[in-house]
Amino acid sequence: MKPFTLSRRRVQLILANYFVGYLFVYPMLIGLLYSLLEPLGIKHLQPILENAVYLWVFAITVTAAWPLLKEHLQRFRRNRRTIIKSSLTRYVQMWLVMYGLNLAIILITGLSSSQNQDTVVQQLTQSPLQIMLVTCVFAPIVEETVFRGAVFTTLRSRTCFRNAALISGFLFGLLHVFTSLLSGNFSDCIFILVYGTMGYLLCAAEEENQTLLSPLFMHGLNNLISVVLILL
233 MKPFTLSRRR VQLILANYFV GYLFVYPMLI GLLYSLLEPL GIKHLQPILE
283 NAVYLWVFAI TVTAAWPLLK EHLQRFRRNR RTIIKSSLTR YVQMWLVMYG
333 LNLAIILITG LSSSQNQDTV VQQLTQSPLQ IMLVTCVFAP IVEETVFRGA
383 VFTTLRSRTC FRNAALISGF LFGLLHVFTS LLSGNFSDCI FILVYGTMGY
433 LLCAAEEENQ TLLSPLFMHG LNNLISVVLI LL
């Protein structure tokens, strides 16, 4: 099937909104607005500003990627049973691979979890509803649209699967240790292997099923199970 790709302008908007806005500019704006509005005594100001950013990033990402999302949704509807079955099988395979990698990291380095995972655990105890929505809804939709929909799909139209998936997977892995690197915690770099492998396997799911709904489903299911296990 001929790959459906977004226009260059839409891809640039998605990438700028996420990599420049979400990771750098919007957090600075939150800090600035908080310093200006905090003296007014507005209750729950910090989560209000954070949720506003989540909604903005989500809206821009989905709007810019809508032609691609619409096409992939139609592909899913035409073959939903086969895609769901394939996605579940690939999820089990992905979980086993990631479990093995995490176990190897524990045995070799003694690190049991990444800073990204520790942060999620901490935030779940403070704002469970907000973090559940961010982890199980925002992250799967936005990250899959960015890393598989914009990055992988665009690269795949120009090169082989392996090259496109490796680049997409590496960027996905780098994202999940980004905060650690900014704080100088370079020991977390080992977890690029775990998250990068996950990203690569999510690319493989899209390649096999020819729809973004497959990795999106797998990503959401993985995060949901992780959150439930943490809360238990």
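Taking our numbering, the leading residue of the sequence shown gets 233, the next gets one more, and so forth.
The beta carbon of each residue, even a glycine, is placed where N, CA and C say it ideally should be.
From a predicted model like this one, the values you see are computed outputs, not experimental measurements.
Would residue i and residue j be called neighbours here (beta carbons separated by less than 8 Å)?
i	j	result
Ala397	Cys435	yes
Val285	Tyr258	yes
Phe379	Phe404	yes
Ser344	Ile338	yes
Gly431	Ser400	yes
Leu300	Phe236	yes
Thr429	Leu333	yes
Ile363	Ala296	no
Leu277	Glu270	yes
Val353	Ile462	yes
Between the C-alpha atoms of residue i and residue j, what's the straight-line distance to the nearest angstrom?
i	j	result
Asn395	Arg312	28 Å
Thr367	Arg307	26 Å
Thr293	Gly452	17 Å
Phe384	Phe393	9 Å
Ile342	Leu445	Contrary to the premise, residue 342 reads as Gly rather than Ile in this sequence. Using only the alpha carbons, I get a separation of about 36 Å.
Tyr266	Gln349	26 Å
Ile315	Met326	16 Å
Phe290	Leu425	27 Å
Phe423	Leu413	12 Å
Gln358	Leu365	14 Å
Thr391	Phe402	16 Å
Leu361	Ser458	15 Å
Cys421	Tyr427	10 Å
Tyr254	Glu439	27 Å
Tyr323	Met260	36 Å
Lys317	Leu268	51 Å
Ile340	Asn441	36 Å
Trp288	Val329	34 Å
Gln355	Leu335	24 Å
Val460	Glu303	32 Å
Arg309	Gly416	45 Å
Val374	Ala248	13 Å
Leu464	Tyr331	19 Å
Leaving aside the five residues before and after residue i along the sequence, list all residues of the same chain whose C-beta is less than 7 Å from its C-beta, in chain order.
i	result
Ile280	none
Leu407	none
Pro372	Leu448, His451, Gly452 and Asn455
Glu282	Ile262
Ser243	A small correction: the amino acid at residue 243 is Val; Ser does not occupy that position in the sequence shown. So the list reads Ala382 and Thr386, once near-sequence residues are dropped.
Ala223	A query on residue 223 cannot be resolved here, the shown segment of the chain reaching from 233 to 464 and no further.
Whose C-beta lies closer than 8 Å to the C-beta of residue i among residues of the same chain, with five residues either side of it excluded?
i	result
Ile274	Ile280
Glu376	Leu434, Leu444, Pro447, Leu448 and His451
Phe418	Ser412
Indicate whether at least one CB of chain B lies closer than 8 Å to the CB of residue i.
i	result
Tyr250	The question asks about chain B, but that chain is absent: this structure has only one protein chain.
With a CB to CB cut of under 6 Å and the five nearest residues on each side skipped, what residues in its chain are close to residue i?
i	result
Leu238	Leu300
- Query: At which residue ranges does the segment 379-459 contain complete alpha helix (DSSP H) runs of 4 or more residues, listed in the order of the chain?
  - Reply: 385-388, 393-407, 410-414 and 424-441
- Task: Enumerate, from N- to C-terminal direction, the unbroken alpha helix (DSSP H) stretches of 4 or more residues contained entirely within the segment 344-378.
- Result: 347-358, 360-365 and 371-375
- Task: Any chance you could list the alpha helix (DSSP H) runs of at least 4 consecutive residues sitting entirely within the segment 261-315, in chain order?
- Result: 277-296 and 298-310
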